[in-house]
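Chemist: Under mature numbering (1 follows the signal peptide of the UniProt record, and there is no 0), the letters of the sequence shown match residues -22 to -1, 1 to 504, in that order.
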Amino acid sequence: MLSIRSFMLLFLSCIAVRMNLCFTGIHSSLKMLSINGHFEFDKVQFAARDFGNRYRYYPAAVLHPSSVSDIAMTIEHIWKMGLRSELTVAARGHGHSLHGQAQAHQGVVINMESLQYPQMQVHTRNFTYVDVSGGELWINILHKSLKYGLTPKSWTDYLHLTVGGTLSNAGISGQAFRHGPQISNVHQLEVVTGKGDVVSCSKEQNSDLFYGVLGGLGQFGIITRAKILLEPAPTMVKWIRVLYLDFTTFSSEQELLISAENTFDYIEGLVIINRTDLLNNWRSSFNPQDPVQASQFKSDGTILYCLELAKYFHHTEDDIIDQEVTRLLSQLSYIPSTLFISEVTYVEFLDRVQVSAVKLQSKGLWEVPHPWLNLLIPKSKIKKFAEGVFGNILKETSNGPVLIYPLNKSKWDNRTSVVIPEEEIFYLVAFLTSAVPCSRGNDSLEYILTQNMRILEFCRTANLGAKQYLPHYTTRNEWQAHFGPMWETYVNRKNAYDPLAILAPGQRIFQKAKSLSSWLPHLNST
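1. State the beta-bridge partners of Arg70 as determined by DSSP.
2. Output needed for Met214: all residues of its chain with C-beta closer than 7 Å, excluding positions within five of it in sequence on either side, in chain order.
3. Which residue wins for smallest C-alpha separation from Arg103, given the options Thr453, Leu208 and Arg219?
4. What residue does the alpha helix (DSSP H) around His16 start on, and which one ends it?
5. I'd like to check one pair, Gly378 with Ser412: are the Cβ atoms closer than 9 Å?
6. Start and end of the alpha helix (DSSP H) containing Ser340?
7. Taking the beta strand (DSSP E) that Val215 falls in, what are its first and last residues?
8. Do the CB positions of Leu448 and His348 come within less than 9 Å of each other?
9. Kindly give me the distance between the Cβ atoms of Trp116 and Val141, rounded to whole angstroms, as I take these residues to be in contact under 8 Å.
10. In the DSSP assignment, what are the bridge partners of residue 513?
11. Based on Cα-Cα distance, which residue from Asp20, Ile201 and His157 lies nearest to Gly174?
12. Less than 9 Å between the C-beta atoms of Lys131 and His165, yes or no?
13. Got a sec, what are the start and stop residues for the alpha helix (DSSP H) Glu302 sits in?
14. Give the range of the alpha helix (DSSP H) segment to which Asp186 is assigned.
15. Under 8 Å by Cβ, that's how I've got Val331 and Tyr136 pegged, so tell me the actual separation to the nearest angstrom.
16. Work out the CA separation of Ala154 and Arg305 for me, nearest whole Å.
17. Quick check: the Cα distance between Asp28 and Cys284, rounded to an integer number of angstroms?
18. Taking the alpha-carbon positions, what's the Trp457 to Ile299 distance?
19. What residues are listed by DSSP as bridge partners for Asp109?
20. Can you look up Ser180 in the DSSP assignment and give me helix, strand or coil?
21. Spatial neighbours of Thr134 within its chain, please: CB distance less than 6 Å, with the 5 preceding and 5 following residues excluded, ordered by chain position.
22. Thinking just about the alpha-carbon of each residue, which of Ile236, Val407, Ile487 and Leu351 is nearest to the one in Asn386?
23. Counting Cβ pairs closer than 8 Å, one from the segment 179 to 186 and one from the segment 74 to 82, do we hit at least three?
24. Can you give me the C-alpha to C-alpha distance between Gly73 and Gly443, rounded to a whole angstrom?
25. Between Ala204 and the rest of its own chain, which residues show a CB-CB distance below 7 Å, the 5 nearest in sequence each way excluded?
26. Flag this pair as yes or no: are the beta carbons of Thr394 and Gly190 separated by less than 9 Å?
27. Where does Arg438 land, buried or exposed, given buried means 16+ other C-beta within 10 angstroms?
28. Buried or exposed for Asn441, please, with buried defined as at least 16 other CB atoms from any protein chain shown within 10 angstroms of its CB.
29. Give a yes or no on whether the C-beta atoms belonging to Val46 and Val249 are separated by under 9 Å.
30. Can a CB atom of chain B be found closer than 9 Å to the CB of Tyr447?
31. Arg70: which of Gly172, Gly196, Lys389 and Ser123 sits nearest, CA to CA?
32. Under DSSP, the beta strand (DSSP E) around His165 begins and ends at which residues?
33. Could you pull the start and end residues of the alpha helix (DSSP H) that Gly366 belongs to?
34. Whose CA, out of Val397, Glu401 and Arg219, lies closest to the CA of Ile313?
35. Measuring alpha carbon to alpha carbon, tell me which residue in Pro483, Ala238, Ile480 and Asp224 is nearest Lys361.
36. If you check the beta carbons only, do Ile13 and Ala39 fall under 9 Å apart?
And the structure:
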């Protein structure tokens, strides 16, 4: 008779042999595909990491596509294998996910930055747009469009992200109050579905897929091409920061500004917790015209609220823009001694995060865990949220920026897959913290995660109606609660475009080999 130890060794050996045969079969199966790009089976470590730096799931292979047909052929191959294979597929852009959303455990990760088609083109006839690959970086789109005196309307704060990545979420920054998120500024998409079909879609053509993919968390298709709307570009920016002691005044004046017809072009806000650096943090390179004045200002541990504003202009409008900025600021009740102004180029302003990112990368501090928490809070509950979180749950110096600014729901299309609060004005509140390795204090990963859970629990018990942006859940009930009335539409779209749940397994919404009929009662009767 075998001893327990011998039995376990034999059992593990059998599993290892089976896994090796499985991997060999996967390799052989994928190698048979006649693609223009190539598969990588050995050096796949990079595809098991992301900006969040907390989850690490290794794929069986990484596809480096040179054409859309490479992606379609790969997905179609896996689709036709059906449930005989457990292979899943994740599209990975610049790897800025927070919770392993672009990873695929023992599946195929598609390196979207390898996609060479279509080459970026700016079109100016009839209406202006840029036609780009889903793997293109927004910073490259900025430089290309500026050659024509044009620019996309809406941005994220960090531009070194791919088009497909941000459009699969929403794409929010300080311009969204006026132009809506990035998903509100798309003319047309090309999408590869979970069946391997290549589909062109827009508001008029295949509209259900178009709206489903926008903000769809990668569940219905991979964005391989997008036509992004453009507008005339400015050349310079007046970049302004002013401070408030009172949250009610701060938030009401933010709401006043985003509701005005003639206002600033960019409006965001920051929460200054317990002596956090008032003017500079890793997120920007703000450099006021009077650095002495800025250096002399001390918060003395008081919670302050920073209103961050920008007004765009051209070189020839110097006098006019100064008068306009003065007029707009005269309507506000900030602390008089805390007006800090900087003048930068349009590119410097939009690419402000990259300056600090490079510095952090050089110090090895960009690769630390980033347990970020992004919330959307209805206007009617934002004061209650602030009272419960700032200075209560969030007592210590925040190891990273805390953003807070309002958005107009009217600028969002309710046909997309993004979930937002019901009220006309709602706030983005983003806790962009970084965890210091081996730390045991309030900047440790464990401490920050506990703090995040306390914030989420407060939102739940206080019935604030908060929604997560860049959501992360692990159970069906949590996802169903997140989507609320949209859940049935979401599951129906999944059933239509990715019925085997091949795509975006890292979101942990659906699981391959689990029948989608179990997700909605009415599907069981069809």
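The beta carbon of each residue, even a glycine, is placed where N, CA and C say it ideally should be.
Modeler: In short:
1. Asn89
2. Phe291, His292, His293, Glu321, Thr323 and Tyr324
3. Leu208
4. Not the alpha helix (DSSP H): His16 falls in the beta strand (DSSP E), residues His16 to Glu18.
5. yes
6. Arg330 to Ser340
7. Met214 to Tyr222
8. no
9. 7 Å
10. Residue 513 is absent from the structure shown; the chain starts at -22 and stops at 504.
11. Ile201
12. no
13. Asp296 to Leu307
14. Ser185 to Val191
15. 5 Å
16. 23 Å
17. 30 Å
18. 47 Å
19. Gln99 and Lys205
20. coil
21. Thr144, Gly149 and Ser151
22. Ile236
23. no
24. 30 Å
25. Val110, Gly112, Val141, Leu145, Val164 and Leu167
26. yes
27. exposed
28. exposed
29. no
30. Within the model displayed, chain B is absent; a lone protein chain is all it includes.
31. Gly196
32. Val164 to Thr171
33. Ile360 to Val367
34. Arg219
35. Asp224
36. no
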